[in-house]
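Respectively, the protein sequence lines represent chains A and B.
Under our numbering, read the first sequence as residues 127 to 240, first letter to last.
Under our numbering, read the second sequence as residues 34 to 151, first letter to last.
Virtual Cβ for every residue (Gly too), placed ideally from N, Cα, C.
Given the structure is predicted, the values throughout are model-derived calculations rather than measurements.
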Amino acid sequence: AQTVTQSQPEMSVQEAETVTLSCTYDTSENNYYLFWYKQPPSRQMILVIRQEAYKQQNATENRFSVNFQKAAKSFSLKISDSQLGDTAMYFCAFKMIYGNKLVFGAGTILRVKS
Amino acid sequence: EAQVTQNPRYLITVTGKKLTVTCSQNMNHEYMSWYRQDPGLGLRQIYYSMNVEVTDKGDVPEGYKVSRKEKRNFPLILESPSPNQTSLYFCASSLSYLGRYQNTGELFFGEGSRLTVL
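What follows is the structure, encoded as structure tokens:
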């Protein structure tokens, strides 16, 4: 079974600085998807970024980028120019190509300080 | 607007009193699923449905029931709620991966239902 581990329960960063959230996963599959979801205090689950395992290029969405290391089974999220609105719980998630189920990590609470 | 709608958003109930959390999606998605979110555990899948009349257990199905009589609806039923079912519940939907290799199967989530069982 696949597992996802987020080793940082909480992190904080100053506004305008850069922060990296860690995620590792375990799978025997070769093709799969990885996601980062943001959950602000409103509890809504918002997709931040997606990475296809068969793509070597790291995904980027504006201030959000990932460092995908397939051999190391590592999938970290970098947030540049942090903003107060980035304060949220962040979940890393895994999905097999042939399937719909998302497997989530425990989450990392990120607090952006002014 | 494409959305997944859950009701109620908040509920406080007592042990043993049956309750249903409704979920409806307007995106014609085949796949629907229920997750519960607990501190330190992330989101865990309770039940899922690949299509109408097709449901199956997820990782934590004990104490829950579901049904899928219509494509758009996927209610979660707690026949006899207990305090350990106090949690934040999410319904989610997506296109089925079946026959769609290039489909990423992105899950669309409802806004969550906070359930407290006393």
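Could you check whether residue j and residue i sit closer than 8 angstroms to each other, using their CB atoms as the reference points?
i	j	result
Gly145 (chain B)	Gln39 (chain B)	yes
Gln58 (chain B)	Leu121 (chain B)	no
Leu236 (chain A)	Asp207 (chain A)	no
Thr53 (chain B)	Pro108 (chain B)	yes
To which residues of the same chain is residue i closer than 7 angstroms at the C-beta, ignoring the five residues directly before and after it?
i	result
Met171 (chain A)	Tyr163, Gln165
Val130 (chain A)	Cys149, Tyr151, Cys218, Ala219, Phe220, Val229, Phe230, Gly231
Lys196 (chain A)	Ala179
Leu210 (chain A)	Glu141, Val238, Ser240
His62 (chain B)	Ser126, Ser127, Leu128
Glu112 (chain B)	Lys51, Lys98
Under 8 angstroms between beta-carbons, which chain B residues line up against residue i? List them in chain order, please.
i	result
Gln170 (chain A)	Phe142, Glu144, Gly145
Quick one: residues in its chain with C-beta nearer than 6 angstroms to the C-beta of residue i, no 5 flanking neighbours on either side, listed in chain order?
i	result
Gly91 (chain B)	Gln78, Ile79, Tyr80, Tyr81
Leu76 (chain B)	Tyr68, Gln70
Pro194 (chain A)	The sequence given here places Phe at residue 194 (chain A); Pro does not occur at that position. Counting only Cβ-Cβ distances below 6 angstroms, and skipping sequence neighbours, we find Gln177, Asn184, Phe201.
Val47 (chain B)	Leu151
Closest by CA to residue i, which one among the options?
i	options	result
Val85 (chain B)	B:Gly73, B:Glu103, B:Val54, B:Tyr68	B:Glu103
Ser100 (chain B)	B:Leu76, B:Leu128, B:Thr55, B:Thr46	B:Thr55
Ala127 (chain A)	A:Val145, A:Glu143, A:Ser154, A:Thr146	A:Ser154
Asn184 (chain A)	A:Ser202, A:Ser133, A:Val145, A:Ile223	A:Ser202
Arg105 (chain B)	B:Thr46, B:Arg42, B:Tyr64	B:Tyr64
Ile45 (chain B)	B:Pro94, B:Thr88, B:Gln118	B:Gln118
Tyr158 (chain A)	A:Val174, A:Leu147, A:Glu136, A:Gln182	A:Gln182
Tyr216 (chain A)	A:Asn188, A:Pro167, A:Ile223	A:Pro167
Glu143 (chain A)	A:Val192, A:Leu173, A:Asn188, A:Lys204	A:Lys204
Gly225 (chain A)	B:Pro114, B:Arg42, B:Ser66, B:Leu74	B:Ser66
How would you list, in chain order, the residues of chain A whose beta-carbon sits under 8 angstroms from the beta-carbon of residue i?
i	result
Tyr64 (chain B)	Asn226
Ser100 (chain B)	By Cβ distance, chain A contributes nothing, its closest Cβ being about 18 angstroms from Ser100 (chain B), past 8 angstroms.
Who are the neighbours of residue i on chain A, taking C-beta pairs under 7 angstroms?
i	result
Gln78 (chain B)	Lys227
Ser127 (chain B)	Asn226
For a contact meaning CB atoms closer than 7 angstroms, what does residue i contact in chain B?
i	result
Phe230 (chain A)	Gly75, Leu76
Phe220 (chain A)	The premise fails here: Phe220 (chain A) is roughly 11 angstroms from chain B at the closest Cβ pair, so nothing lies under 7 angstroms.
Determine the chain A residues that contact residue i at a beta-carbon separation under 9 angstroms, and present them in chain order.
i	result
Phe123 (chain B)	Arg169, Met171
Tyr154 (chain B)	Given a span of 34 to 151 for chain B in the structure shown, any question on residue 154 (chain B) remains unanswerable.
Glu103 (chain B)	In chain order: nothing, as chain A lies at least about 19 angstroms away.
Is residue i close to chain C, meaning its C-beta is less than 8 angstroms from at least one C-beta of that chain?
i	result
Glu95 (chain B)	Protein chains A and B are contained in the structure displayed, whereas chain C is not.
Chain B contacts made by the segment 186 to 215 of chain A, where a contact means CB separation under 8 angstroms: none
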